[in-house]
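Be aware that the sequence shown starts at 3, since it is given in the numbering used here, and climbs by one per residue.
We put the CB at the ideal spot given by N, CA and C, even for glycine.
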Amino acid sequence: KNSPVYGIYETAEDRESAYEILTKRAAERAQIQAEAQATKEAEKQAKAEARATSSRESATDRFIKNIAGSVGRQIGTTVARSVGNALIRGILGSLTKR
């Protein structure tokens, strides 16, 4: 009772040590990382499944687009050729008539 720190240190407290705090933080971080990794894996799996189904669908879409592109290109070249030939005949025809 005669000590100047008598009121401060008379009760014993069991506080967490720095080791316990750091261990707890490391465990929480590891758990968060594991959850994030599991989420990433689930997203990868979902993307892979979506890619597999979309590749089946897109194969037919690509086939149709290729056919449509080929037909459109063929029509375009035919029209351009006939218009070009008509222009050249018109120009050359007018030059030869003089």
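Hey, how far is the Cα of residue i from the Cα of residue j?
i, j, result
"Lys26", "Asp16", "17 Å"
"Gln47", "Glu37", "15 Å"
"Glu22", "Thr13", "22 Å"
"Leu89", "Glu45", "59 Å"
"Arg53", "Gly95", "59 Å"
"Ala28", "Gly9", "36 Å"
"Lys76", "Ser60", "Here the sequence assigns Gln to residue 76, which means Lys is not the residue at that position. When rounded, the distance between both Cα atoms is 23 Å."
"Glu30", "Leu24", "10 Å"
Exercise for the section: Can you check the region 62-86 for any alpha helix (DSSP H) of at least 4 residues that lies completely inside it and give the ranges in chain order? Expected result: Here no run is fully enclosed.
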